[in-house]
Amino acid sequence: LIGICFVYVVEQREQPHLRGQPTTVVQYNSWKGGGLIVVSYEACKYGVKRSMRGDEAKQVCPQIQLVQVLVARGKADLSIYRNAGSEVVSILARKGRCERASIDEVYLDLTDAAEAMLAETPLESLEKIDEEALKSHILSLNEDGSDHKGNVKEWLHRSDADHHDKLLACGALIVAELRMQVLKETEFTCSAGITHNKVGSSVQFRCLSFILHHLMEGKLSSFAYAGQTSKWKQLGGKLGSSLQIDLGVNTVGELLQFSEEKLQERYGVNTGTWLWNIARGISGEEVEGRLLPNSHGSRKTVPGPRALKKIASVEHWLNELCEELSEYLHSDLEQNKRIAHTLTLHARAFKSSDSESQKNFPSKSCPLRYGSTKIKEDALNLFQAGLCEFLGSHRIKAQGSHYNGWGITSLSVTASKIVAIPSGTCSIMKYFHGQDQSNCSSKQANDRFVAEAAPLSPSGTERYSELHTTELPIEFRD
DNA sequence: CATTTAGATACC
DNA sequence: GGTATCTAA
1 LIGICFVYVV EQREQPHLRG QPTTVVQYNS WKGGGLIVVS YEACKYGVKR SMRGDEAKQV
61 CPQIQLVQVL VARGKADLSI YRNAGSEVVS ILARKGRCER ASIDEVYLDL TDAAEAMLAE
121 TPLESLEKID EEALKSHILS LNEDGSDHKG NVKEWLHRSD ADHHDKLLAC GALIVAELRM
181 QVLKETEFTC SAGITHNKVG SSVQFRCLSF ILHHLMEGKL SSFAYAGQTS KWKQLGGKLG
241 SSLQIDLGVN TVGELLQFSE EKLQERYGVN TGTWLWNIAR GISGEEVEGR LLPNSHGSRK
301 TVPGPRALKK IASVEHWLNE LCEELSEYLH SDLEQNKRIA HTLTLHARAF KSSDSESQKN
361 FPSKSCPLRY GSTKIKEDAL NLFQAGLCEF LGSHRIKAQG SHYNGWGITS LSVTASKIVA
421 IPSGTCSIMK YFHGQDQSNC SSKQANDRFV AEAAPLSPSG TERYSELHTT ELPIEFRD
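For the first sequence, full-length UniProt numbering gives the first residue as 1, with consecutive numbering after it.
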């Protein structure tokens, strides 16, 4: 697993003066200093946690630098981090099969590259090992500070290693090379966890941040850290808590005592077997060859008390979300020649009198038509459809256009079923045209071609179509 | 008053 | 297509 960290994107390329400073990235800051989305290693040392608000972080570490996530269209815009991730992926993909795991993390299968390297040059005869590779942290090595690089060098050269460990050593060398290449081409530093399988690499990846600021102080061994089940991939959430609370398991070692049957009994056949295996270091998970996301989305959540009570505000936010989504779709089309086919809208409603009553609307989908104006129009229609069902199912009556304190607390638009335009299609316009012949209703035939041209026009040339507010069946009032 | 945003997946 | 849930930065 190879990852770049949001804070370093900002630090190294956008605001170099932050280098080496305890830094954190927050989204928004008007309420308690904003929510932290990432914390630099330096800030971790002061006890700054991601669960804190900006103000709390300042209490713990007064000199902390709070960097704000860019706000566009009234919402946090993570594009620069997503794009930074893409830059890195394109470099990593040269060396092996890549799977984009999150906005800034990638799994990279280096098996073939490592095998090839080993076949060419036996490690023992490797003359020069790059400084970068000597910075590696090897979990089986005792890191007591004595000649770290010497120890690493010895480990990498070891002739008594089995084939798998030699592959691992090659992996470390290749990753060192890649990290330098990434730095050269993008100015980003990245971290990597390298193991025999996917699950292990993510443990190591998390272990790395720990190592970088605690191990040197000798507080806990890296083995002990890596052993904590909560640090393992997929165990950072409810499943991990359940292991701890229901079975009393805190470390992977403690998980070993349970039979496969016992684990299956409690967690189901699949999860049970999966747990039994990972406790033994067995992970059959393949690195998927997926460089690009399967969906794009834009979501806005507002705190309960600020719930949207007027259809006009819902419309406003829907427009902002659709604008952002349309931008993603446009980039995807331009850069990857991919087209999304489904638009989905999710909404969540909240009743102020009862903090427990967060209810999702039925989500609604429709064919996705390109052009932000069309997307806005369709999204609003989907919202209306969801709202009608929602009001019906909750027996909320319109008492003079008043809805008893109900308001919208979350809106999201998602584009999915994203497929590559078949290669050989001579023009994108032609492709759009051809697609529509098959699945467009006849009433849209007249303006089809012009409408589909919209996403390809330079941004800023589109115009809002008039929204027919008077035709809306529902209206929220304060 | 209050994590927010993003994305994947399993199941019907 | 739609729902619900999970994970994680």
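Note that the Cβ used here is the ideal one computed from N, Cα and C, for glycine as well. Quick caveat, the model's predicted, so the values are computed rather than measured.
Open item on the list: Give me the DSSP bridge partner(s) of C366.
Closed with: L343
Open item on the list: Could you compute how far the alpha carbon of L456 sits from the alpha carbon of G268?
Closed with: Residue placement at L456 is poorly supported in this model, since its pLDDT is 29, which falls under 50; the coordinates are not used for a value here.
Open item on the list: Could you compute how far the alpha carbon of E327 sits from the alpha carbon of Q358?
Closed with: 30 Å
Open item on the list: Check for me: the alpha helix (DSSP H) holding S242 runs from which residue to which?
Closed with: 238-247
Open item on the list: Suppose contacts are defined by Cβ-Cβ distances below 7 Å. Is Y46 in contact with V60 by that definition?
Closed with: Going by C-beta atoms, Y46 is nearer than 7 Å to V60.
TODO: Provide the residue span of the alpha helix (DSSP H) that contains L156, from first to last.
DONE: Per DSSP, the unbroken alpha helix (DSSP H) holding L156 starts and ends at 148-157.
TODO: Leaving out five residues on either side along the sequence, give the residues of the same chain with a beta carbon under 7 Å from the beta carbon of residue 504.
DONE: What is shown of the chain runs 1 to 478, which leaves residue 504 out entirely.
Task: Helix, strand or coil at F350 [DSSP, three-state] - done: strand
Open item on the list: Between the alpha carbons of D112 and C170, how many angstroms are there, rounded?
Closed with: 11 Å
Open item on the list: Closest to P122 by C-alpha separation, out of C98, W31, E87, L173, would be which residue?
Closed with: L173
Task: Integer-rounded CB distance, given that V314 should sit under 8 Å from I408 - done: 6 Å
Task: CB of V152 within 7 Å of CB of S140, strictly - done: no
TODO: Let me know if G200 comes out buried or exposed under the rule of 16 or more other beta-carbons within 10 Å of its beta-carbon.
DONE: buried
TODO: Just grab the DSSP bridge partners of E99 for me.
DONE: Y107, R290
- [ ] To the nearest angstrom, report how far apart Y81 and V67 are at their CA atoms.
- [x] Each residue's alpha carbon lies about 13 Å from the other.
TODO: Count the other C-beta atoms from every protein chain shown that fall within 10 angstroms of the C-beta of G289, then say buried if there are 16 or more, exposed otherwise.
DONE: exposed
TODO: Compare the C-alpha of V71 against each of K364, G392, L368, E324 and name the closest.
DONE: E324
Task: Buried versus exposed, by CB contacts within 10 Å (16 or more), K231 - done: buried
- [ ] Put A72 into one of helix, strand or coil per three-state DSSP.
- [x] strand
Open item on the list: I'd like the list of long-range same chain contacts for L256, defined as Cβ closer than 8 Å, with 5 residues on each side in sequence excluded.
Closed with: A279, R280
Task: Unbroken alpha helix (DSSP H) run spanning T271, endpoints - done: In the DSSP annotation of this structure, the continuous segment of the alpha helix (DSSP H) that includes T271 starts and ends at 269-279.
Open item on the list: Cutting at 8 Å between CB atoms, please list the residues of its own chain near V48, excluding the five before and the five after it.
Closed with: Around V48: P22, T24, L36, V39, A57, V60, C61, I64.
Task: Bridge partners - S191, DSSP secondary structure assignment - done: According to DSSP, S191 bridges with G3.
Open item on the list: Quick check on the DSSP output: the beta strand (DSSP E) that includes G35 runs from which residue to which?
Closed with: 35-39
- [ ] Closer than 6 Å by C-beta to I211: which residues in its own chain qualify, once you throw out the five before and the five after it? Chain order, please.
- [x] Counting only Cβ-Cβ distances below 6 Å, and skipping sequence neighbours, we find H137, S222.
Task: Outcome for T344 when other beta-carbon atoms lying within 10 angstroms are tallied against a minimum of 16 - done: Within a 10 Å sphere around the beta-carbon of T344 sit 16 or more other beta-carbons, which makes this residue buried.
Task: Alpha-carbon to alpha-carbon, L292 and Y107 - done: 13 Å
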